[in-house]
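Sequential numbering from 1 applies to the sequence shown in UniProt numbering. In what follows, a single structure is set out as structure tokens and then discussed.
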Amino acid sequence: MHYHLVIQLLPIAAMPIATDKLLHNIVSRLRLRHLPLLLALEQQRSISRVAAEMNLSQPAVTKALREIEDIFTTPLFTRTRNGLEPTATGTAVLGHARMALADADALGRELAVIEAGLSGRLRIGAIPYTARAVLDAALAYGLNRTPRISVLVREGTTDELVVALRQHELDCAIARSFYLAGEDIVQQPLYREEPVLVVPSRAAARLSRGGLDWKRLAELDWILPPHHTPVRRTINTMFALAGVAPPLPIVETYSVKPMATLLRSQPHVITIVPRSVGAELVELGDAAMLPFSLSWDLPPVGLMWRRESQENELVTGLAAALRQAI
């Protein structure tokens, strides 16, 4: 019996040629002005609505989209019953478009502050329960330099800040460390805090008598973080472990100012916050911390930034300053 070996020669060169053409198109033909149009199409899902938003004719928007798709040699959107939907290629392009526009905006604003005599610009994200000493150190890092740094501080939850980091809208974030950040995010733990119960000053003596009674406390008017946050989930777990149903809050907020207002005006309110936030509420007046020892399993607060080939010197300098402050 004879066997014949058949070797099929595949067009190996076809793939590099196609890739080279695509790269050439992106480098030579793609323009920054194309990107806002793509993001508008993603948001509006309609050529007519984008035309109205950008004060263009529908044929002009259609022509521009065709030119952009010709650059990428494939459709970026498909028409569906719900409007335009990004293709797989379109989704990838849109992700990079957002980062490119964020980088362009950051560059423009950084050049403006340098022209004004400052040495640069640093965009910092911070969770609402950041310790005051850490925020003080972060701001002092920029303002005490010569020349000064322009500092932007944006507040949000850890999830929101990590998304903003990945979309190049922030340079770093002071947020709760988490274990699945991904290889693109560097995390440096800074500190861990215990929780405290805070009530109006006039109610502190009465609520301090006896032991810690979660059932009695659950009947008070609670101020709690929004339901989707790690702190809220952790507080609910604390009640569950005590065999008590978590209370329904009268107000949901992460902000210190509304908490302080409610502690002054409402005699039966209570909240649970990190100790540094509790101390801040006490300083604002008419509030007291109950003398009960509590614990939770929230991860530490740390500094996060993108892992890139070229380190941002302002971010690494901030990391060193925060380590020293803590």
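The beta-carbon is built from N, C-alpha and C at its ideal position, and this holds for glycine as well. Since this is a predicted model, take the numbers as computed values, not measurements.
- Task: Tell me where the beta strand (DSSP E) around Val244 begins and ends.
- Result: For the purposes of this step, residue 244 is taken as the residue at position 244 of the sequence shown. Looking at the DSSP string, Val244 is not in any beta strand (DSSP E), and its letter there is neither H nor E.
- Task: Using beta-carbon positions only, say whether Tyr191 and Leu318 come within less than 7 Å of one another.
- Result: As a working note, residue 191 is residue 191 in the sequence shown. As a working note, residue 318 is residue 318 in the sequence shown. The answer is no: Cβ separation not under 7 Å.
- Task: Let me know the secondary structure DSSP gives Tyr141 once reduced to three states.
- Result: Along the sequence shown, one-based indexing puts residue 141 at 141. Note: Tyr141 maps to helix in three-state DSSP.
- Task: Please list, in chain order, all residues of the same chain as Ile26 whose beta carbon is under 8 Å from its beta carbon, the five residues on each side excluded.
- Result: For the purposes of this step, residue 26 is taken as residue 26 along the sequence shown, with counting starting at 1. Contacts found: Ile71 and Phe72.
- Message: By DSSP's criteria, Ser150 is part of a beta bridge. Which residues make up the other side?
- Response: Numbered from 1 along the sequence shown, position 150 holds the residue referred to as residue 150. Answer is Arg121.
- Task: Quickly, what does DSSP pair Phe292 with across the bridge? List them, please.
- Result: On the sequence shown, residue 292 is found 292 positions in, with the first residue counted as 1. Paired residues: none, contrary to the question.
- Message: I'd like the list of long-range same chain contacts for Leu170, defined as Cβ closer than 6 Å, with 5 residues on each side in sequence excluded.
- Response: Position 170 of the sequence shown, counted from the first residue, corresponds to residue 170. The residues are Arg123, Gly125 and Ala164.
- What did DSSP end up calling Gln188 once you bin it into helix, strand or coil? Within the sequence shown, residue 188 is the residue found at index 188, counting from 1. Strand.
- Pull up the distance between the alpha-carbon of Arg216 and that of Pro247, whole angstroms please. By one-based count along the sequence shown, residue 216 stands at place 216. By one-based count along the sequence shown, residue 247 stands at place 247. Looking at the two C-alpha atoms, the distance is approximately 11 Å.
- Query: Which same chain residues, not among the five before or five after Arg29, have their C-beta less than 7 Å away from its C-beta?
  - Reply: The residue labelled residue 29 in the question sits at position 29 within the sequence shown. For Arg29, the CB contacts under 7 Å within the same chain, skipping 5 residues up- and downstream, are Ile71 in chain order.
- Where does Phe77 fall in DSSP's three states? As a position in the sequence shown, residue 77 is number 77, starting the count at 1. Of the three classes helix, strand and coil, the one that applies to Phe77 here is strand, per DSSP.
- Query: Counting only runs that start and end within the segment 158-243, where is the alpha helix (DSSP H) found for 4 or more residues in a row?
  - Reply: Fully enclosed alpha helix (DSSP H) runs of 4 or longer: 158-166, 201-208, 214-218 and 230-241.
- What is the DSSP secondary structure of Gly108, counted as helix, strand or coil? As a working note, residue 108 is residue 108 in the sequence shown. DSSP, read as helix, strand or coil, puts Gly108 in helix.
- Item | Residues bridged to Glu85 [DSSP beta-bridge criterion] | Position 85 of the sequence shown, counted from the start, is the residue given in the question as residue 85. Thr78, per the DSSP bridge assignment.
- Query: Which first and last residues belong to the alpha helix (DSSP H) in which Thr316 is found?
  - Reply: One-based indexing of the sequence shown puts residue 316 at position 316. Here the alpha helix (DSSP H) through Thr316 covers Glu313 to Ala325.
- Task: Identify which residue in Ala242, Ala51, Asn236 and Ala173 has its Cα closest to the Cα of Tyr129.
- Result: Here residue 129 is taken as the residue at index 129 of the sequence shown, counted from 1. Here the closest residue by C-alpha is Ala173.
- Task: Leaving out five residues on either side along the sequence, give the residues of the same chain with a beta carbon under 8 Å from the beta carbon of Gly120.
- Result: Residue numbering aside, residue 120 sits at position 120 when the sequence shown is read from its first letter. Same-chain partners within the cutoff: Glu110, Val113, Ile114, Ile149, Ser150 and Leu314.
- Using three-state DSSP, classify Glu308 as helix, strand or coil. Walking along the sequence shown from the start, residue 308 turns up at place 308. Coil at Glu308, not helix or strand.
- Message: Within a Cβ cutoff of 6 Å, which residues of the same chain sit near Met15, ignoring the five residues on either side of it in sequence?
- Response: Within the sequence shown, numbered from 1, the residue matching residue 15 stands at position 15. Low confidence applies to Met15: its pLDDT is 47, below 50, so where it sits in the model is not reliable, and the reading given next is rough at best. Cβ within range, chain order: n/a, list empty.
- Evaluate the contact criterion for the segment 284-292 versus the segment 190-206: three or more CB pairs, one atom per stretch, below 8 Å. Contact check between the segment 284-292 and the segment 190-206: three or more CB pairs, one atom from each, fall below 8 Å, which counts as touching.
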